[in-house]
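Numbering (our numbering), first residue to last: 25 to 136. Glycine residues also receive a C-beta, built at the ideal position from the N, C-alpha and C atoms. Here's the structure, in C-alpha cells; my notes come after.
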C-alpha cells in the first residue's frame, strides 16, 4: 500500500494532477474480472517457491538483488505476531502461569 501511495504521488506531480484526478477502486479478486483469475493463478504459482518464480534477469532492475520491498503494515503484523509468541513463551515459564491455569478451569467460559 505504501508503494501504491508513492506511485500515485509521483504520477500526480509529474502530470500536475489534483487529488480528485486519480481514482483508485478495489476490485474483488474472484468476480470473473478479466485478468484477475490469471493474476491469482500466477501469484499462487510463484508462492510455491523459488523454482516457480521468474528468472532474476526478467525482473525489474530494483528487484535483481536483495529481498522484496515490505510494506509498513506487513512489518507491523510480523512484529505483533513475534511479540505475541514471545509473550506466550515467557508467560508459560512464569510461576504465575501455573497458578492462573488452576483458576482458568473454574471460569465459566474459555473466552476469559
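| Query | Result |
| --- | --- |
| Are the Cβ atoms of residue 36 and residue 46 separated by less than 8 Å? | yes |
| Where do the ends of the alpha helix (DSSP H) carrying residue 105 lie? | 96 to 117 |
| Would you say residue 46 reaches chain C, if we count a Cβ-Cβ gap shorter than 8 Å as a contact? | The structure shown has no chain C; it contains just one protein chain. |
| With a CB to CB cut of under 6 Å and the five nearest residues on each side skipped, what residues in its chain are close to residue 80? | 88 |
| Contact check, residue 25 vs residue 97 under 8 Å by CB: the rounded distance? | 6 Å |
| Determine, using beta carbons only, whether residue 77 and residue 70 come nearer to each other than 8 Å. | yes |
| Mapping the DSSP letters down to three states, classify residue 125 as helix, strand or coil. | helix |
| Measuring straight from C-alpha to C-alpha, what distance separates residue 32 and residue 110? | 38 Å |
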